[in-house]
Each structure stands twice: as structure tokens, then as C-alpha cells.
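Structure, as C-alpha cells:
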Amino acid sequence: MHPATHLAQHHLRAADLRAEADAYRLAAEAKRPYAIRARLGWTLVEVGLRLASPRPAFVH
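Here the sequence shown stands for residues 3 to 62, numbered as in the working numbering.
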């Protein structure tokens, strides 16, 4: 294979890998807020369950 052809293929492959890496980074950033929302949601559920449950009777 001619060196110029090999170099052109290398540049194309490198561009493809950079594009895949960018797509992966964007997808990973898009997932992060979901984790925060899920944590916040479960915290609110826990607080709601604590507020809804009857308090134990206080004995002197």
C-alpha cells in the first residue's frame, strides 16, 4: 500500500475514534443528571414515608 494511502486511512480512523469519544462523553454527561434526580427522588420518597408513618406513643 502506498504510504499516502495508509496515512489517509489513519487520519480517517482517528477522526472516527474522536467522534465516537465525543459521542460517548455527551452520552455520559446526559446520564449524570438522571442519577442526581433519582437520588433526590428517593430521598423525597423516604421523607414522605417518614412523615406519613404514625409516631410512636410517648410514655412518661
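For each residue, glycine too, the CB sits at the ideal point set by N, CA and C.
- Close CB contacts of residue 30 within its chain, under the 6 Å cut and outside five residues either way in sequence, are absent.
- Going by C-alpha positions, residue 27 is about 14 Å away from residue 18.
- DSSP places residue 49 in the helix class (H, G or I) of the three-state scheme.
- Taking the CA atoms as reference points, residue 56 sits about 12 Å from residue 50.
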